Amino acid sequence: MLKKSIVVDISTKKKDVGINVQITKSPQTHYSGPYEVTPQAYLEQNLLTKDKIMDNNVKVKEIPIQMVHGVESGYTVIIG
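The numbering of the sequence shown is this note's numbering, which starts it at 2 and goes up by one.
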């Protein structure tokens, strides 16, 4: 839950000062998707966060990398 406070400080020498404050609920909704994602080769991932209120940061994990020893004494790197 978001906690917000509003502080208003008005200093004036005039005695007739009117204040009109209107508070409305935001039309935004909470993000309910994943907060942790691992990139995948050849697969686009779209987290639908636009205009959403988020509770945490999104964590993008490192791209998986695998090294395989080759027959010619070299290595093959597999990304993704």
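Here a beta-carbon is modelled for each residue, glycine too, at the ideal position from N, C-alpha and C. Small disclaimer: the values here were computed from a predicted structure and weren't measured.
Cβ separation of I1 and I80, assumed to be a contact under 8 Å, to the nearest whole Å: One cannot answer for residue 1 here, as it falls past the ends of the chain, which runs 2 to 81.
Which of the three DSSP states, helix, strand or coil, is assigned to V22? coil
Alpha carbon to alpha carbon, how far is V78 from G71? 10 Å
Output needed for S27: all residues of its chain with C-beta closer than 8 Å, excluding positions within five of it in sequence on either side, in chain order. I54
Do N21 and Y36 have their CB atoms nearer than 8 Å? no
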